Amino acid sequence: MSKHNADIAAVFEEIADLLEIQGANPFRIRAYRNAARVVGELSQEVSRLLEKGEDLTELPGIGDDLAGKIKEISGSGHCSLLDRLHTELPPAITELLKIPGLGPKRVKTLYHDLDVQTLEQLYRAARDGRIRALPGFGEKTENNILQAIEAHANQTQRFKLAIAAQYAEALEKFLAAIPGVLKVTVAGSYRRMRETVGDLDILATASTAATSQVVQRFTSYDEVAEILSAGPTRASVILKCGLQVDLRVVKEESYGAALHYFTGSKSHNIAIRRMAQKSGLKINEYGVFRDRTRIAGETEASVYAAVGLSYIPPELRENRGEIAMARAGQLPQLVEQTDLRGDLHVHTKATDGHNSLREMARAALSNGFEYIAITEHSRRLAFTHGLDPLKLAQQCDEIDQLNAELKGITLLKSIEVDILEDGSLDLPDSALARLDMVVGAVHSSFNLSRAKQTERILRAMQHPYFTLLAHPTGRLIQRRAPYDVDMLRIIREARNRGCFLELNAHPERLDLLDTQCQMAKEEGVLISINSDAHSVYDFANLRFGIGQARRGWLEKHDVLNTRSLKELCLLINRTMS
Ligand code: DGT
Ligand code: CA
Ligand code: CA
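When we follow the working numbering, the leftmost residue of the sequence shown carries the number 708, and every step to the right adds one.
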């Protein structure tokens, strides 16, 4: 199989990088960079040119030697020069080039002066302060390198919150059952309900006699694949799934301080510590100290109280203004899962769900809900068997019958109607007129320009029947970036039109993002925290939506589906039969 131009260009770039790290002749290096650019920008595939018998030396800056290499790579996918360079330089060294801010020149210096060959060695050199002294580096560059490596590591290794939760909860239970263990909490980003977590940070307290036992039992946990370190009160392991877990067993008197420290975020901790310093206090993971005297630390609340703050819930600890609010006694009263009285995004097996209307209604009822909106896909999403007007009308009849029969739960007639590329809705007004509410969503043409994507959604929201914008950014965590929209304009349009935005609680979505929830709250637009359930089990995902909502500072009154059915109906501007 012949190679594409981009592959050939990449080979030349890598050759140039490696030659530069080696300190080769600058003209030679430049020739390869030029070749990479020329080939990369060709409007026709090199393989086509070769088939047609074109002379590659006609291309700017390409002589016989380079033309030969282009042929070689295009035909075989290999380049003997690159293969040779790979034997002359440490194999991982090009990894270093992936760190933003590190070009071949800097990598060369790192390699020659500090013998840094791998990312790990680079990290250690930066952490130990050995990089700042190199010519052309300095302390700032060293810090940037540290941060960039951390970001790089996080990028590849993070786990979605819902996945991490499965391991975290099992481990928590396992540890709590060890004799002598008093308390176990999973701290870190997991406790802050971040959408992805890098590793789990577990804290425990145990009777003195049991402490060493705890670490031993932890490292022999069934799921452990590798023990990174183990001491009398702490251990780090990697689970079979690749997730790292750090355990620390701390004294009861330090539990609150340790919990505060290891819950983070780092930037929240730093801000709190700075505050403490100003009033002559020292905070660390062992407690709060004035001189040598411990004045707090057994509970987190005591730590906050020592610096004059009310208790700050973990989801707010991102140093986004929560400290000032705590000082002023004005922290939000964050929404809780028990505040939810319904779910406005539910599928059944009429489209791509797994359960019947009746089964979903029963599950919702046992979840303590007063109402759910049935929101099947519309016909455009053919792979989901999306509803056409006739099928939608049939489902509406079924819902009417079921509502007449069921007690304690009301099914709202709705649809997750596709927002087409031009902003029109996938079903005619005549079909939408009978519904209690209309949920609209984008499922295609994710790559429109910001202006077009925004106009598309604004136009949909201007539809008189439009009620709620589902998964407003379309992102899938770690899989699909959000589409490019002006969210503030959308939020403002929602306010003007009396529409609402969803926070979709599906673990892959968690969409709106936390900061956008905050933006909606500031603009006075209510958010609906919905499961997007495709089966009776999916209501359980609402907790991740609640976590995200709390990270977005939302309170009960900021959330649409904390309202009673009666209040909801007023808000969605429909009279219920
Ligand atoms: P992650 O694991 O990347 O999702 O994020 P975190 O927040 O769980 O970070 P991690 O596991 O590196 O550290 C756990 C907590 O320990 C972190 O949230 C705050 C605290 N921590 C870690 N390193 C430092 C530090 O250098 N200074 C301070 N003040 N706190 C730190
Ligand atoms: Ca962590
Ligand atoms: Ca950690």
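Backbone N, C-alpha and C fix where the C-beta goes; we use that ideal spot for every residue, glycine too. Predicted, not measured: the structure shown is a model, and the values here were computed from it.
For the pair the region 1062-1072 and the region 1021-1039, tell me if three or more CB-CB distances fall below 8 angstroms. Counting C-beta pairs closer than 8 angstroms gives fewer than three between the region 1062-1072 and the region 1021-1039, which falls short of the contact rule.
Roughly how many angstroms separate the alpha carbons of T1222 and L1051, rounded to a whole number? Position 515 of the sequence shown, counted from the start, is the residue given in the question as residue 1222. Position 344 of the sequence shown, counted from the start, is the residue given in the question as residue 1051. Between the alpha carbons of T1222 and L1051 lies a gap of roughly 22 angstroms.
Within 10 angstroms of its Cβ, does D1129 collect 16 or more other Cβ (buried), or is it exposed? As a working note, residue 1129 is residue 422 in the sequence shown. By the 10 Å Cβ count, D1129 comes out exposed.
What three-state label does DSSP hand Q951 in the structure shown? For the purposes of this step, residue 951 is taken as the residue at position 244 of the sequence shown. In the three-state DSSP reduction, Q951 falls in the strand class (E or B).
In this structure, how does DSSP classify R997 when only helix, strand and coil are distinguished? Here residue 997 refers to the residue found at position 290 of the sequence shown. In the structure shown, R997 sits in a strand (DSSP, three-state: E or B).
Exposed or buried, what is L817 when buried is set at 16 or more other beta-carbons lying within 10 Å of its beta-carbon? Taking the first residue of the sequence shown as 1, we reach residue 817 at position 110. L817 is buried by the Cβ-count criterion.
Consider the C-beta atom of G895 and the heavy atoms of ligand 1; say whether any pair is separated by less than 6 angstroms. Counted from its first residue, the sequence shown places residue 895 at position 188. The beta carbon of G895 sits closer than 6 angstroms to at least one heavy atom of ligand 1.
Supposed contact pair S1235 and F1246 - C-beta distance, whole angstroms, cut 8 angstroms: Here the question's residue 1246 lines up with position 539 in the sequence shown. Here the question's residue 1235 lines up with position 528 in the sequence shown. Actually they are not in contact, since the Cβ atoms of F1246 and S1235 sit about 14 angstroms apart, beyond 8 angstroms.
May I ask you to check if the CB of G949 is nearer than 6 angstroms to at least one heavy atom of ligand 4? Ligands present in the displayed structure are limited to ligand 1, ligand 2 and ligand 3, and ligand 4 is not among them.
Within this structure, are the beta carbons of T1180 and D1218 separated by less than 7 angstroms? Translated into positions along the sequence shown, residue 1180 becomes position 473. Translated into positions along the sequence shown, residue 1218 becomes position 511. With contacts defined by Cβ atoms closer than 7 angstroms, T1180 and D1218 form a contacting pair.
Which listed residue (Q1160, R1141, D1143, L796) has its alpha carbon closest to that of S1131: As a first step, residue 1131 must be located in the sequence shown, where it is residue number 424. Among Q1160, R1141, D1143, L796, the Cα nearest to that of S1131 belongs to Q1160.
Note the first and the last residue of the continuous alpha helix (DSSP H) segment covering V922. By one-based count along the sequence shown, residue 922 stands at place 215. V922 -> alpha helix (DSSP H) spans 918-926.
Compare the Cα-Cα distances from E721 to each of P1096, V957, I800 and report the closest residue. Within the sequence shown, residue 721 is the residue found at index 14, counting from 1. Of the listed residues, the one whose Cα sits closest to E721 is I800.
With respect to the beta strand (DSSP E) encompassing Y1078, which residues constitute its N-terminal and C-terminal limits? Numbered from its first residue, the sequence shown carries residue 1078 at position 371. Secondary structure note for Y1078: its beta strand (DSSP E) is the uninterrupted segment 1078-1081.
Taking the straight line between their C-alpha atoms, what separation do you get for R997 and L907? By one-based count along the sequence shown, residue 997 stands at place 290. By one-based count along the sequence shown, residue 907 stands at place 200. Distance between the alpha carbons of R997 and L907: 31 angstroms.
Three-state secondary structure assigned by DSSP to H1241: Locating residue 1241 in the sequence shown gives position 534, counting from the first residue. Correct three-state label for H1241: coil.
Hey, would you say G904 sits closer than 7 angstroms to F866, going by beta carbons? Sequence index remark: in the sequence shown, residue 904 carries index 197 (1-based). Sequence index remark: in the sequence shown, residue 866 carries index 159 (1-based). Residue identity differs from the one stated: residue 904 is Val in this sequence, not Gly. It is a contact, given that the beta carbons lie within the stated cut-off.
Is the region 1165-1178 close to the region 1195-1208, with three or more CB pairs under 8 angstroms? Yes, the region 1165-1178 touches the region 1195-1208.
Quick check: is any heavy atom of ligand 2 less than 6 angstroms from the C-beta of D906? By one-based count along the sequence shown, residue 906 stands at place 199. Yes - ligand 2 has a heavy atom lying nearer than 6 angstroms to the Cβ of D906.
Measuring CA to CA, which of E1215, I1253, Q1225, G1205 is closest to L1275? Taking the first residue of the sequence shown as position 1, residue 1275 is located at position 568. The residue from E1215, I1253, Q1225, G1205 with its alpha-carbon nearest to that of L1275 is G1205.
Kindly indicate the opening and closing residues of the beta strand (DSSP E) around S936. Counting from 1 along the sequence shown, the entry for residue 936 is found at position 229. Per DSSP, S936 belongs to the beta strand (DSSP E) from 931-937.
Beta-carbon proximity list for V956, same chain, < 6 angstroms, skipping 5 on both sides: Counting from 1 along the sequence shown, the entry for residue 956 is found at position 249. Sequence-distant Cβ neighbours of V956 in its own chain, meaning closer than 6 angstroms and more than five residues away, are A911, A913, T918, V921, T940.
Write down the C-beta distance between I728 and K815 rounded to the nearest angstrom, noting that I regard them as a contact closer than 8 angstroms. In the sequence shown, residue 728 corresponds to position 21, counting from 1. In the sequence shown, residue 815 corresponds to position 108, counting from 1. I728 to K815, Cβ: 5 angstroms. Contact.
Let me check understanding here. Comparing Cα to Cα, which of E1105, R924, D835 lies closest to V878? Within the sequence shown, the letter at position 171 stands for residue 878. For the sequence presented, residue 878 should be read as Leu rather than Val. Out of E1105, R924, D835, R924 has the C-alpha closest to the C-alpha of L878.
Less than 6 angstroms between the CB of I977 and some heavy atom of ligand 1, yes or no? Counted from its first residue, the sequence shown places residue 977 at position 270. Yes; taking the cut-off as 6 angstroms, the Cβ of I977 has a heavy atom of ligand 1 nearer than that.
Cβ-Cβ distance between L1119 and Y1078 below 7 angstroms: Indexing the sequence shown from 1 puts residue 1119 at position 412. Indexing the sequence shown from 1 puts residue 1078 at position 371. For the 7 angstroms CB-CB criterion, L1119 and Y1078 form a contact.
At what residues does the beta strand (DSSP E) containing I990 begin and finish? Translated into the one-based positions of the sequence shown, residue 990 becomes position 283. DSSP places I990 in the uninterrupted beta strand (DSSP E) bounded by 989-991.
7 angstroms CB neighbourhood of E1121 in its chain, flanking five on each side removed: Counted from its first residue, the sequence shown places residue 1121 at position 414. Glu is not the amino acid found at residue 1121; the sequence shown has Ser there. Within the same chain, and ignoring the five residues on either side of S1121 in sequence, the residues whose Cβ sits closer than 7 angstroms to its Cβ are A1080, I1081, T1082, L1142, D1143, M1144, V1145, V1146.
Is DSSP giving G730 helix, strand or coil here? To locate residue 730, count along the sequence shown from 1; it is residue 23. Coil at G730, not helix or strand.
Between Q824 and I736, what straight-line distance do the alpha-carbon atoms span, to the nearest angstrom? Reading the sequence shown from its first residue, position 117 is the one you call residue 824. Reading the sequence shown from its first residue, position 29 is the one you call residue 736. Roughly 21 angstroms separates the two Cα atoms.
Give the DSSP bridge partners of F866, in chain order. One-based indexing of the sequence shown puts residue 866 at position 159. F866 is bridged to V904.
Is D1059 near ligand 3 - that is, is its Cβ less than 6 angstroms away from at least one heavy atom of it? Counting from 1 along the sequence shown, the entry for residue 1059 is found at position 352. Exclusion of D1059 from the 6 angstroms shell around ligand 3 follows from its C-beta lying no nearer than that to any non-hydrogen atom of the ligand.
Looking at the C-beta of K989, does it have a partner C-beta in chain B at a distance below 7 angstroms? Among the protein chains of the structure shown there is no chain B, as only one such chain exists.
If you reduce the DSSP assignment to three classes, tell me which class N1074 lands in. Counting from one through the sequence shown, the residue named residue 1074 turns up at place 367. Coil.
Reference R1187, options L1208, S1152, A723, closest by Cα: As a first step, residue 1187 must be located in the sequence shown, where it is residue number 480. Nearest C-alpha to R1187: S1152.
Quick check: the region 947-955 against the region 976-991, are at least 3 beta-carbon pairs closer than 8 angstroms? They do not touch, by the three-pair rule.
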